[in-house]
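*Asks:* Chains A and B supply the protein sequences, listed in that same order. Per the numbering used here, residue 1 is the first one in the first sequence, and the count goes up by one each step. Per the numbering used here, residue 1001 is the first one in the second sequence, and the count goes up by one each step.
2 protein chains.
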Amino acid sequence: MTAPLKNTSVSPVVHDLIAALGSKVSTEPELLDSRAHDRSYHSWEQPLAVVQATSTHDVSQALRICHQHHTPVVPRGSGTGLEGGSNTTAGSICLDVSAMNRILNVAADDLYANVEAGVMKSELNDALKEHHLQFAAGPGVDASVGGMAATSASGTTAVHYGTLKENVLALTVVLADGSIIRTGSTTKKSSSGYDLTHLFVGSEGTLGVITEVTLTLHPIPEAARMGVWSLPSLQQAVDLVVKALRSSLRVTRVELLDRVTVDALARYTGYSAPVSETLMVEFVGGPSEVESQYARFAELAEQYDAAEHASTTDPGEAGRLWQARHDALPAALALIPGSAPLTTDVCVPISKLPECILATKEDLNSTGLVAPIVGHVGDGNFHLAILLPPGDAEAESKAHQLNARLLDRALAVGGTCTGEHGVGIGKVGAMAKEHESALETMRSIKASLDPRGILNAGKVLALGGS
Amino acid sequence: MTAPLKNTSVSPVVHDLIAALGSKVSTEPELLDSRAHDRSYHSWEQPLAVVQATSTHDVSQALRICHQHHTPVVPRGSGTGLEGGSNTTAGSICLDVSAMNRILNVAADDLYANVEAGVMKSELNDALKEHHLQFAAGPGVDASVGGMAATSASGTTAVHYGTLKENVLALTVVLADGSIIRTGSTTKKSSSGYDLTHLFVGSEGTLGVITEVTLTLHPIPEAARMGVWSLPSLQQAVDLVVKALRSSLRVTRVELLDRVTVDALARYTGYSAPVSETLMVEFVGGPSEVESQYARFAELAEQYDAAEHASTTDPGEAGRLWQARHDALPAALALIPGSAPLTTDVCVPISKLPECILATKEDLNSTGLVAPIVGHVGDGNFHLAILLPPGDAEAESKAHQLNARLLDRALAVGGTCTGEHGVGIGKVGAMAKEHESALETMRSIKASLDPRGILNAGKVLALGGS
Chain A
1 MTAPLKNTSV
11 SPVVHDLIAA
21 LGSKVSTEPE
31 LLDSRAHDRS
41 YHSWEQPLAV
51 VQATSTHDVS
61 QALRICHQHH
71 TPVVPRGSGT
81 GLEGGSNTTA
91 GSICLDVSAM
101 NRILNVAADD
111 LYANVEAGVM
121 KSELNDALKE
131 HHLQFAAGPG
141 VDASVGGMAA
151 TSASGTTAVH
161 YGTLKENVLA
171 LTVVLADGSI
181 IRTGSTTKKS
191 SSGYDLTHLF
201 VGSEGTLGVI
211 TEVTLTLHPI
221 PEAARMGVWS
231 LPSLQQAVDL
241 VVKALRSSLR
251 VTRVELLDRV
261 TVDALARYTG
271 YSAPVSETLM
281 VEFVGGPSEV
291 ESQYARFAEL
301 AEQYDAAEHA
311 STTDPGEAGR
321 LWQARHDALP
331 AALALIPGSA
341 PLTTDVCVPI
351 SKLPECILAT
361 KEDLNSTGLV
371 APIVGHVGDG
381 NFHLAILLPP
391 GDAEAESKAH
401 QLNARLLDRA
411 LAVGGTCTGE
421 HGVGIGKVGA
431 MAKEHESALE
441 TMRSIKASLD
451 PRGILNAGKV
461 LALGGS
Chain B
1001 MTAPLKNTSV
1011 SPVVHDLIAA
1021 LGSKVSTEPE
1031 LLDSRAHDRS
1041 YHSWEQPLAV
1051 VQATSTHDVS
1061 QALRICHQHH
1071 TPVVPRGSGT
1081 GLEGGSNTTA
1091 GSICLDVSAM
1101 NRILNVAADD
1111 LYANVEAGVM
1121 KSELNDALKE
1131 HHLQFAAGPG
1141 VDASVGGMAA
1151 TSASGTTAVH
1161 YGTLKENVLA
1171 LTVVLADGSI
1181 IRTGSTTKKS
1191 SSGYDLTHLF
1201 VGSEGTLGVI
1211 TEVTLTLHPI
1221 PEAARMGVWS
1231 LPSLQQAVDL
1241 VVKALRSSLR
1251 VTRVELLDRV
1261 TVDALARYTG
1271 YSAPVSETLM
1281 VEFVGGPSEV
1291 ESQYARFAEL
1301 AEQYDAAEHA
1311 STTDPGEAGR
1321 LWQARHDALP
1331 AALALIPGSA
1341 PLTTDVCVPI
1351 SKLPECILAT
1361 KEDLNSTGLV
1371 APIVGHVGDG
1381 NFHLAILLPP
1391 GDAEAESKAH
1401 QLNARLLDRA
1411 LAVGGTCTGE
1421 HGVGIGKVGA
1431 MAKEHESALE
1441 TMRSIKASLD
1451 PRGILNAGKV
1461 LALGGS
């Protein structure tokens, strides 16, 4: 036992963190900057220190100390968020769990895996291949499972496999005071006690820090057929998807790319589809079922004047076609060299999607801004990538106003301010508007679990007045 | 405006309830008895009064008054519970929402319906037929949607469609003090704020009273094929199901009936299947897919020495075959005339199912009790109907001990004390054991939402010491 060195240049909380966690605590300016923000345009300030935890015990120690010092803690996974959920504030500690990246258990017959929060989706899926299983939910971009769970993230596969909400069975969570709890069960279902798992999923680190996640797994499908369809109008595209979802068709993915996006792709990658509203659709299953499902979709598609541009069962070719969807953002940004995106994320009941998108396009046109639109149309979720030319403060202001009007428009038709990106900093006001009647209940729960308000302060909930 | 009549024979809280809600409040002894318990063997005492609410406003008024008087409130739907969750205690008020049975909105294209809590599953499904839609989750027995949501109920379809957890989008909830909140969203997904919906789903009326439920709907399948298969052993039955679930097969239902159940059915209904471990399995979808799915299942089944006893796509014939599953309980009870069942409800990771059931059968044999077993095998959930001969206190004591050992056995392999029946009175101790580390968190949340502890006191959580 050696007494910890007295380091007078650091604050008392950092001193105590170093005493407990040694070299896992860093105050190196470059590291502080790199861990201070996510991929969004939201503002941030340098934290006091970064704790690079390698175990639940580390997280527990860090929180116990920060709790004693009433010091704000900002949990962080892969930093791939889009609403500033892991952006740090001055005087805070960044609690980085990205080094907690062990796959603890793959229960193949029970279709679950228990992994540490820092494991990346791609790492998990690599490890699952030998079991012919996959983790099928989550965003297209690679991200840590802890961050995905904390954000209640999803992506193109949600229409079939659900979001993180439907794919997390159990969690290990460290509470604000450092105590460690286990929520949920590794069984496929349970009616035992309060569903704490789903309280922490989507709470963005404001109620506790997720350190382990037990995820539902799905078989890797034997076969898939994907197709690219051009439609004469947005209304027809959505009507076709509604018709498919109301039939016995099991659509695995169905993505909308508006004509502006398709045009941007053509300029950026040489993508050659007709410049029109476009649906990319996929069916998975056994080889014969995939064909019959796709054939039935094609029959429906004809009723809505859709024209097939491409179709394939070849995984390589399908990957190339899907790449266009993944290139949508870089292609959009290339329309205005040097621009940054303000990405919107409303989700509405699918029947309201055409009116919501068309009114937004009209609104957009009146602003002079450029914003290609892509949508997880089967879920009613769509994104504008509003392009912000470098140094154009007026465009930025206009973009924020456009987004504010879009949020109001979505809420007015029973929509939500965020389908999958989370609240973070960016949607605090919209969330409060959306959940006006339930806001006090959320605040009570926050106060009961984090009475000192140290966990990701200022995110999700604006405490004391909305 | 007339001043309320002073009724000196009733307690102050009942007086105030009558003043506010008039004839919706009853103290008629026969009604009190009929509303004092569910279908379980658990004890109950007569409440002070029954409030028969017909609106969320009624529920709000009743709770506001009970909150003022610190009077316990026991919410009640259809009273079909199996763990005493709606059993009343002396001095409590029964808050009966079964008359709140309006279907408020069917959003067919958006695949949801918003209904009052007292709507029965059968009523909802009758109304959905014209839309070619169904509410596909929930138990086999008819029950109110509010009660199903409060219990996080499920049944034979959970393996495909999920439980109530996966099928509730949004709720209207009245809190302990009478305030009304709306949780969730009618969108298919949302990352906006804390997931209060899933906190109330499964909380069994201890955190708030559910008055409206927004449910996910599914298309009525075009076709279905069901089959009945006999297997030489339980291990082979479970191995076959695991194999099917790990393939691209989409099993809609897969139910296990043990040989004791099949024997009981033969005696009770003349059901003619071979007396063996039996699987009833169903696939739904388009006609050709149903055939290809079933054929692939049959191929797998042969690998596990399964023999097909029956198979049909005819809805009437399928209904008759499924009836055997629904007759399992009455057939079991007929084995010992006049007996009542103690129904168990553990759920384990599916790979642990054979060892858990076999050890339980061995244990059962050592007790001399009779207990046919049925199981939602795809979920790892199984039920013993332990037969309690009339007036046999020793058998009842043995049954409780057997269930206690079963609960320990399930928890030891990572199982849960209740897959679908809820905690109620019967599983309070087992729930505390299962969620030991998270119990304080559940208690904090209960205390923050119901500080006077009036909501379904004594259910789910034993407050102040486990």
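Note that the Cβ used here is the ideal one computed from N, Cα and C, for glycine as well.
Suppose you measure from the CA of Ser-1466/B to the CA of Lys-1433/B; what does that come to, to the nearest Å?
*Replies:* Since pLDDT at Ser-1466/B reaches only 35, below the 50 mark, its modelled position is unreliable, and the value read off the structure follows with that caveat. About 8 Å.
*Asks:* As a quick exercise: from Val-1173/B, Asp-1016/B, Val-1370/B, pick the residue whose alpha carbon is nearest that of Asp-1263/B.
*Replies:* Closest option to Asp-1263/B, Cα to Cα, is Val-1370/B.
*Asks:* Give the residues from the region 1401-1422 of chain B that approach chain A closer than 7 Å (Cβ to any Cβ), ordered along the chain.
*Replies:* Hits within the stretch, in order: Gly-1414, Gly-1415, Thr-1416, Cys-1417, Thr-1418, Gly-1419, Glu-1420, His-1421, Gly-1422.
*Asks:* Looking only at C-alpha atoms, which of Asp-392/A, Ala-399/A, Pro-390/A, Gly-391/A sits nearest to Leu-384/A?
*Replies:* Taking only the C-alpha atoms, the option nearest Leu-384/A is Ala-399/A.
*Asks:* DSSP has Gly-1375/B in a bridge; who is on the other side?
*Replies:* Note: Gly-1375/B sits in a beta bridge opposite Leu-1256/B, Phe-1382/B.
*Asks:* Going by DSSP in three states, Ser-1350/B sits in which element: helix, strand or coil?
*Replies:* According to the sequence shown, residue 1350/B is Ile rather than Ser. DSSP places Ile-1350/B in helix when its eight states are reduced to three.
*Asks:* Helix, strand or coil for Met-1100/B per DSSP?
*Replies:* If DSSP states are grouped into helix, strand and coil, Met-1100/B belongs with coil.
*Asks:* Just mark Ser-192/A as buried or exposed, buried being the case when its beta carbon has 16 or more other beta carbons within 10 Å.
*Replies:* Classification of Ser-192/A: buried, given that the 10 Å Cβ count is 16 or more.
*Asks:* Residues bridged to Gln-52/A by DSSP?
*Replies:* DSSP lists Asp-96/A as partners of Gln-52/A.
*Asks:* In this structure, does DSSP put Ala-1395/B in helix, strand or coil?
*Replies:* Three-state result, Ala-1395/B: helix.
*Asks:* Leaving out the 5 sequence neighbours to the left and right, which residues in its chain are closer than 6 Å to Asp-1096/B when beta-carbon positions are compared?
*Replies:* Cβ neighbours of Asp-1096/B beyond the five flanking positions: Arg-1035, Val-1050, Gln-1052, Arg-1076.
*Asks:* Counting only C-beta atoms, is Val-1251/B closer than 9 Å to chain A at any point?
*Replies:* For Val-1251/B, the answer is no, since every Cβ of chain A falls outside 9 Å of its Cβ.
*Asks:* Is the CB-CB distance between Arg-1325/B and Val-1290/B below 9 Å?
*Replies:* No, the Cβ-Cβ distance between Arg-1325/B and Val-1290/B is not below 9 Å.
*Asks:* Scan the region 1350-1377 of chain B for residues whose Cβ lies nearer than 7 Å to a Cβ of chain A and list them as they occur along the chain.
*Replies:* Correct list: Ile-1350, Ser-1351.
*Asks:* Is Ala-1462/B a contact residue of the ligand NAP, with contact defined as CB to any heavy atom under 8 Å?
*Replies:* This structure simply doesn't include the ligand NAP, nor any ligand for that matter.
*Asks:* Can you tell me whether Gln-1401/B is buried or exposed? The criterion is at least 16 other CB atoms within 10 Å of its CB, across all chains shown.
*Replies:* Gln-1401/B is exposed by the Cβ-count criterion.
*Asks:* Check whether the Cβ of Asp-1379/B lies closer than 9 Å to any Cβ atom in chain A.
*Replies:* Chain A, which has a Cβ nearer than 9 Å to the Cβ of Asp-1379/B, makes this yes.
*Asks:* Ignoring anything shorter than 3 residues, give me the beta strand (DSSP E) runs that lie fully in the region 1017-1048 of chain B, in order along the chain.
*Replies:* Within the region 1017-1048 of chain B, no complete beta strand (DSSP E) run reaches 3 residues.
*Asks:* If we call anything under 9 Å between Cβ atoms a contact, is Leu-215/A one with Leu-169/A?
*Replies:* Yes; because the gap between Cβ atoms is below 9 Å, this pair is in contact.
*Asks:* Take Ser-230/A and list the residues in its own chain whose beta-carbon comes closer than 6 Å to its own, dropping the five residues that flank it on each side.
*Replies:* Cβ neighbours of Ser-230/A beyond the five flanking positions: Pro-274, Ser-276, Thr-278, Ala-307, His-309.
*Asks:* Tell me which same chain residues have a C-beta within less than 6 Å of the C-beta of Ile-386/A, skipping the five on either side of it?
*Replies:* The residues are Leu-342, Leu-369, Ala-371, Ala-399.
*Asks:* Taking the beta carbon of Glu-362/A as the centre, do at least 16 other beta carbons fall within 10 Å, making it buried, or is it exposed?
*Replies:* The residue in question, Glu-362/A, is exposed, as its Cβ has fewer than 16 Cβ neighbours within 10 Å.
*Asks:* In the DSSP output, what is Asn-1114/B paired with across the bridge?
*Replies:* Asn-1105/B, Thr-1214/B, per the DSSP bridge assignment.
*Asks:* Find the residues of chain B that neighbour Ala-467/A, judging by a C-beta separation of less than 7 Å, and give them in chain order.
*Replies:* Chain A is shown only over 1 to 466; residue 467/A falls outside these bounds and no answer can be derived.
*Asks:* In its own chain, which residues sit with a C-beta less than 6 Å from the C-beta of Ile-220/A, not counting the 5 before and 5 after it?
*Replies:* Only His-132, Gln-134 meet the Cβ criterion.
*Asks:* Determine which residues of the region 218-230 of chain A have a Cβ less than 9 Å from any Cβ of chain B, and write them out in chain order.
*Replies:* Of all residues in the region 218-230 of chain A, Pro-219, Ile-220, Pro-221, Glu-222, Ala-223 have a Cβ within less than 9 Å of some Cβ in chain B.
*Asks:* Assign His-435/A to one of three DSSP states: helix, strand, or coil.
*Replies:* If DSSP states are grouped into helix, strand and coil, His-435/A belongs with coil.
*Asks:* Applying the criterion that 16 or more other CB atoms from any shown protein chain within 10 Å of the CB defines a buried residue, is Gly-1316/B buried or exposed?
*Replies:* Its Cβ having fewer than 16 others within 10 Å, Gly-1316/B is exposed.
*Asks:* Across which residues does DSSP place Ala-310/A in a beta bridge pair?
*Replies:* According to DSSP, which records beta bridges pairwise, Ala-310/A is partnered with Val-228/A.
*Asks:* Please report how far the alpha carbon of Lys-189/A lies from the alpha carbon of Val-1254/B, in whole angstroms.
*Replies:* Computed Cα separation, rounded: 15 Å.
*Asks:* Could you tell me whether the Cβ atoms of Gly-469/A and Asp-38/A are closer together than 9 Å?
*Replies:* Given a span of 1 to 466 for chain A in the structure shown, any question on residue 469/A remains unanswerable.
*Asks:* Run through DSSP, which three-state label would Arg-452/A get?
*Replies:* Of the three classes helix, strand and coil, the one that applies to Arg-452/A here is coil, per DSSP.
*Asks:* In terms of residues, what are the limits of the beta strand (DSSP E) holding Met-280/A?
*Replies:* From DSSP, the beta strand (DSSP E) with Met-280/A extends over 277-285.
*Asks:* Tell me which residues share the same chain as Leu-353/A and place their Cβ nearer than 6 Å to its Cβ, disregarding the 5 neighbours each side in the sequence.
*Replies:* The residues are Val-238, Gly-380.
*Asks:* Please name the residue in Glu-436/A, Val-346/A, Gly-84/A whose C-alpha comes closest to that of Ala-472/A.
*Replies:* Missing from the structure shown is residue 472/A; chain A here goes from 1 to 466 and no further.
*Asks:* Three-state secondary structure (DSSP) at Pro-75/A?
*Replies:* It is a strand residue.
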